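Take a look at the structure set out below.
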Amino acid sequence: MRTRAELLAETERRLLVDPRRQREIMLELRSSLDDAYEEYLAAGCSPAEAETLAVQSFGRPAAVAGALNDAWGRASWASALACALPHLLAAAVFLTVGWASPAAAAVLAGAAGVALLGHRLGTPLWTYTWAGYALFAVFGAGYLALRLAERQASNTLTGGGALSFGLAVLGLGFVLLAVLFLMHTVHRLAERDWLPGALVLLPAGPLLSWLVATDRSGGLVQLGRTAHQYDGAMAAALLALGAGAAVALRPRRRQLKLAAFSALALATEALVIHAFDPSARPLALALRTVAVTAVVFLPLAFVARSGLEAEAEGSIVGWFWRGLRPH
Amino acid sequence: MADQAELLKGSTDTLLLALLREEAKYGYQVIRELRERSDGYFRLQEGTIYPALHRLEQDGLVQASWQAMPSGPMRRYYRITENGIAVLEARVREWQQYAIAVRSVLVTARL
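Keeping their order, the protein sequence lines are chains A and B. For the first sequence, the numbering used here assigns the number 424 to the initial residue and increments by one for each residue that follows. For the second sequence, the numbering used here assigns the number 1329 to the initial residue and increments by one for each residue that follows.
Shown next, in the form of structure tokens:
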């Protein structure tokens, strides 16, 4: 059985409100738990019994924090726009100067700067969208380094081979570290709540699909000189992500947010896959869409499962989920 | 118990507004009064009451302010607003009509 302090710490970890509101909520909950404890003591319970009963009377931290997040969870339009902005900027890059231009690197570096600024400002929700692009930039740069080294290695079998092998190992190490860093960050966020993790990962599916498609067409190792055929589709997908994320953040109820984010992730992935492979049959398109989305989001859902279970309580999804779980 | 939770779901806000109409109260005071006045029928968890109070605050039906107690701790007191009173009156009217309608059907039912 948890203590009052552990219960409060877990609730606080799951709260997603502005820092001032969070302090007020925690002060209020702490005082309420203390009142309950004192009341049980006055009724003749031992300190251990009073502690247990006070904790039991509180409710599940995931459900309590989720309901409080619901109460204060309607993002303002300004906050929703701040969340949408990196998607819109990335769309503008694809639409105008192209992904291999210095402007694209400047936007990604800017994303890291804005994410750090958000962190200093108490990590409002928009921080996570910017952080998503900053983290993907690390992964993308590593992937590009790996592919460039690989190309050099295959072209220079004599003379520079040793150096190229070293570069390839360096690139591979960089990619692995980037993936581990991304997974660690999303894991830390998802332990708190699914929403920050979802904001970070939202563009990951379309960006990964684009990276692979561009690489397959040979455009990646030529630094974009020949592979701009996917830029229009990526711009459309990122515009849809930006507009969709702004709308998805507005409902107060988190179940609605969850449904909106799920639909948005699937729709943009389908858009990208269809644009990259117009000949794909509907069933193949649907399967690939679900597969890529699952690869990106299932680890997040697994880590954030206790919060998601709390969200699903009282709904058809919750009923179905309870039926699936071993009793 | 599940039936009670279903019945309660739609009426928590109304119960809270009704209690706060008498005077400003803090969260645990609301929990205790709900329990005592209903002879233990409404044993609501903090995890139910505080989100509901915060939702009412966000909707502008109650206002909250901190007050220091003579004994030391700070309490967050909730006070009903004019909007809250109007919503409460509308819900009480609705509830009374509903209760009359349900009672008039139940008294004729063979139980």
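Don't be surprised by glycine CBs; every beta carbon is placed ideally from N, CA and C. Owing to the predicted nature of the structure, the values given are computational and were not obtained by experimental measurement.
- Taken atom to atom, the span from the alpha-carbon of alanine 636 of chain A to that of proline 619 of chain A is near 28 Å.
- Of all residues in the region 1402-1428 of chain B, those with a C-beta nearer than 8 Å to a C-beta of chain A are Met1402, Arg1403 and Arg1404, reading in chain order.
- A distance of 7 Å or more separates the beta carbons of valine 726 of chain A and histidine 607 of chain A.
- Setting aside the 5 residues that flank it on each side, leucine 1381 of chain B is surrounded in the same chain by Leu1344, Gly1355, Val1358, Val1390, Ala1392 and Tyr1406, each with a C-beta closer than 8 Å to its C-beta; the list follows chain order.
- Contact between the region 519-533 of chain A and the region 687-704 of chain A is absent: fewer than three C-beta pairs spanning the two stretches fall below 8 Å.
- Under the DSSP assignment, serine 632 of chain A falls outside any beta strand (DSSP E), being part of the alpha helix (DSSP H) whose first and last residues are 627-639.
- A check of alpha carbon separations from tryptophan 500 of chain A across A:Val695, A:Ile696 and A:Gly665 identifies A:Gly665 as the nearest.
- In this structure, the alpha-carbon of alanine 486 of chain A lies about 17 Å from that of leucine 612 of chain A.
- Per DSSP, reduced to three states, the secondary structure at valine 1390 of chain B is strand.
- At a C-beta separation below 9 Å, alanine 490 of chain A has these neighbours in chain B: Gly1375, Thr1376, Tyr1378, Pro1379, Ala1380, His1382 and Arg1383.
- Each of A:Ala488, A:Val670, A:Thr716 and A:Ile696 was checked against the Cα of alanine 503 of chain A, and the nearest Cα belongs to A:Val670.
- Cβ neighbours of leucine 634 of chain A within its own chain (closer than 6 Å, five residues either side excluded): none.
- Between the alpha carbons of arginine 639 of chain A and leucine 539 of chain A lies a distance of about 34 Å.
- About 10 Å separates the beta carbon of alanine 660 of chain A from that of phenylalanine 699 of chain A, a gap too long to meet the 8 Å contact definition.
- Along the region 1347-1368 of chain B, the positions whose C-beta sits under 7 Å from a C-beta of chain A are Gly1355 and Tyr1356, read in chain order.
- Within the region 1383-1398 of chain B, contact with chain A at the beta-carbon level (separation under 7 Å) is assigned to Arg1383 and Gln1386.
- Within chain B, the residues whose beta carbon sits less than 7 Å from that of leucine 450 of chain A are Met1402, listed in sequence order.
- In terms of Cβ geometry, aspartate 493 of chain A and arginine 676 of chain A form a close pair [threshold 7 Å].
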